[in-house]
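First comes the structure, then the notes that go with it.
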Amino acid sequence: MRKMSFNERTYVATDSLCPPVANQFVFDGEGVLDPYLWRTAVAVASEANPGARLILKGHLAWSRWIDSGNPPRVREIDGSRWDGHGPEGAPVLLEPLPFRESPICEVILVHGPVPRVVFRTHHGVMDGRGTLCWAEDVFRALRKENVMGSTSTLTEVQMAESFQKQFRRAFPVEHIAPTGLPEGDARGVIWKRRSIKGKVPLLLPRCARFAAEEAWRHAEGIVRFAVAVDMRPRRPELRSTGNLTLDLYVEINKNTTPELIADDMAYQLRHGFEGRIKKYDQLVKYIPLRLVRFGAQKMIRDRHRKGRYGLSGIFSNLGRVDLNFFCGGGFSARSFWAVPPATEYFPFFLVLSGYEGGSELVLSVPKNLGSAGRLDDTLECIARKLEQVTR
């Protein structure tokens, strides 16, 4: 059992506005996908990592995540019409994950020309690194190795309070979006994947700079991005599948280089800036979910109407993974990428991942900010600039 944090409460409340608020990690590979072996491995790994079996109980400040005892389900789908570069042909990725009943996490075996495995976890119970922690143990179980497990109940607020006592102020709603102004009233998000061969030095800082340049192509204005930071390195002995991620904030102007962005992030990390939350954030736990949902919906609508946002976007860098580790049961991974959790709160959400020989970019934007080919154009412009500096 663990307490529900204010961030998790927000993820759960907004899930029905723009589902799914889920981590969706995809391993493209080769070989076979044996459902019996996968169901066995998922059950073993989830017994050792009960964070994959949680359901929500209680209300308001008394909300708790409880172990349901039920292993996440393993489903098989036909992926013959899915190319893995967008949501078309994979409607399963649009399905919400229930949070008051199982399964809040699941594994999808995608049969097709390229066999794929998709790990789906509700962001209310796991962050990106937590999802990888669970996935790693599933692959260990597939290889019949000992799983490492995790039973930590630490929340991101408790982690932050262990090294940071200062608060931060909310930013004004003044930021421009990298894809320009919203057009139309379409709801929901769209996403696109772009692969890059080779290694890109300063990948995230370069992406931030190039995204800012895209924003300035549409209008002059203030550009500031959130950067998701996994706080686990502050407790090296800790293994956790939970949400232990908060954000840094990077403002970019016309003279800001990728090197300056990297230096700024390093300075903020040295001083624990990622642990700063807003003074009244935790009051969210006393607000009914329906009111949190209503407030978020109004906020999103107002920001689209004005064309100015609380931030220009958010970046999440999952780092480089060793694909040799993600094999077992007749399947071997050849690439790894992740779909951002669906949200209209941010006008731009870019998830980065890497492996030997390549990097992956997956960009998600609200539909009314990605219309008329703007999603594809923005991602392609960023990717082409990155390809000019690959090694």
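Residue numbers (the working numbering): 264 to 654.
Idealized CB from N, CA, C, for every residue including glycine.
Keep in mind it's a predicted model, so treat the numbers as computed, not measured.
With a cut-off of 9 Å, does the C-beta of residue i fall near any C-beta of chain D?
i, result
"Phe290", "Included in the structure is just one protein chain, with no chain D present."
Taking buried to mean at least 16 other C-beta atoms within 10 Å of its own C-beta, is residue i buried or exposed?
i, result
"His322", "exposed"
"Gly332", "exposed"
"Trp454", "buried"
"Pro464", "exposed"
"Thr414", "exposed"
"Arg344", "exposed"
"Met494", "buried"
"Thr606", "buried"
"Gln287", "buried"
"Asp341", "exposed"
"Phe430", "exposed"
"Gly443", "buried"
"Gly636", "exposed"
"Asn312", "buried"
"Arg272", "buried"
"Gly461", "exposed"
"Glu424", "exposed"
"Pro551", "exposed"
"Val436", "exposed"
"Val611", "Rather than Val, the amino acid found at residue 611 in this sequence is Phe. It counts as buried."
"Ala661", "Since the first residue of the chain shown is 264 and the last is 654, residue 661 is not available in this structure."
"Asp527", "buried"
"Met389", "buried"
"Arg568", "exposed"
"Leu546", "exposed"
"Leu357", "exposed"
"Gly617", "buried"
"Met411", "exposed"
What residue range is occupied by the uninterrupted beta strand (DSSP E) comprising residue i?
i, result
"Ser508", "Position check: residue 508 holds Thr in this sequence, whereas Ser was assumed. Unbroken beta strand (DSSP E) run through Thr508: 508–515."
"Pro298", "Here Pro298 belongs to no beta strand (DSSP E); instead the alpha helix (DSSP H) covers 298–311."
"Asp346", "Neither: Asp346 is in no beta strand (DSSP E) and is coded neither H nor E."
"Ala324", "Per DSSP, Ala324 belongs to no beta strand (DSSP E) and is neither H nor E."
"Asp341", "336–341"
"Leu319", "317–320"
Report all residues from its chain with a CB closer than 7 Å to the CB of residue i; omit the five preceding and five following residues, and keep chain order.
i, result
"Glu364", "Ile318"
"Leu574", "Phe434, His438, Arg487, Phe488, Ala489, Phe609"
"Pro334", "Val305, Ala306, Ser309, Arg316"
"Ser529", "One point to set straight first is that residue 529 is Ala, not Ser, in the sequence displayed. Correct list: empty, nothing qualifies."
"Thr549", "Residue identity check: residue 549 is Tyr in the sequence provided, not Thr. Leu323, Ala324."
"Glu650", "Ile459"
With a threshold of 8 Å on Cβ separation, who are the neighbours of residue i within its own chain once the five nearest residues in sequence on each side are excluded?
i, result
"Ala646", "Arg457, Ile459, Leu624"
Counting along the chain, where does the alpha helix (DSSP H) carrying residue i start and finish?
i, result
"Ser618", "First, the amino acid is wrong: residue 618 is Tyr here, not Ser. From DSSP, Tyr618 is part of no alpha helix (DSSP H) but of the beta strand (DSSP E) over 612–618."
"Cys368", "Element bounds for Cys368: not the alpha helix (DSSP H) but the beta strand (DSSP E), 368–374."
"Ile563", "552–569"
"Asp291", "Looking at the DSSP string, Asp291 is not in any alpha helix (DSSP H); the run it does join, the beta strand (DSSP E), is 285–294."
"Glu399", "391–405"
"Thr273", "269–277"
"Arg379", "No alpha helix (DSSP H) holds Arg379; the beta strand (DSSP E) holding it covers 379–385."
"Met264", "From DSSP, Met264 is part of no alpha helix (DSSP H); its letter is neither H nor E."
"Asp527", "521–533"
Let me check understanding here. Comparing Cα to Cα, which of the options lies closest to residue i?
i, options, result
"Arg480", "Thr416, Met422, Thr641", "Thr641"
"Thr384", "Leu357, Ala315, Glu424", "Ala315"
"Glu408", "Cys590, Ala635, Ala596", "Cys590"
"Pro366", "Arg566, Asn518, Gly387", "Gly387"
"Lys541", "Val614, Asn270, Leu360, Leu581", "Asn270"
"Gly484", "Pro496, Arg502, Leu501, Glu514", "Glu514"
"Phe473", "Gly447, Asn518, Asp448", "Asn518"
"Gly538", "Arg571, Glu293, Gln427", "Gln427"
"Leu501", "Ser634, Thr416, Val401, Arg327", "Thr416"
"Arg533", "Met562, Ala324, Val492, Pro521", "Val492"
"Asn631", "Gly592, Glu650, Val452", "Val452"
"Asp291", "Ser268, Ile371, Glu419", "Ile371"
"Leu300", "Val337, Asp330, Glu358, Gly505", "Val337"
"Gly447", "Gln531, Pro499, Gly375, Pro629", "Pro629"
"Phe382", "Asn580, Asp510, Glu339", "Glu339"
"Thr504", "Asn580, Asp297, Lys320, Leu395", "Leu395"
"Pro282", "Pro359, Trp600, Ser622", "Pro359"
"Arg379", "Ala601, Ala475, Val614, Thr508", "Ala601"
Could you name the residues of the same chain whose beta carbon sits closer than 6 Å to that of residue i, not counting the 5 residues immediately before and after it, in chain order?
i, result
"Val555", "Ala276"
"Val401", "Ala304, Val305, Ala308"
"Gly352", "Arg344, Trp345"
"Gly294", "Gly593, Phe594, Ser595"
"Val672", "As shown, the chain starts at 264 and ends at 654. That puts residue 672 outside it, with no answer to give."
"Arg265", "Trp328, Thr416"
"Ser598", "Asp291"
"Asp676", "In the structure as shown, the chain starts at 264 and stops at 654, and residue 676 therefore has no counterpart that could be examined."
TODO: Mind listing, in chain order, the continuous beta strand (DSSP E) runs of no fewer than 3 residues lying wholly within the segment 421–494?
DONE: 452–460, 486–493
Task: Length-filtered (3 minimum) beta strand (DSSP E) runs lying within the segment 571–612 - done: 576–583, 594–602
Task: Segments of 3+ residues assigned as beta strand (DSSP E) that fall wholly inside the segment 614–649 - done: 621–629
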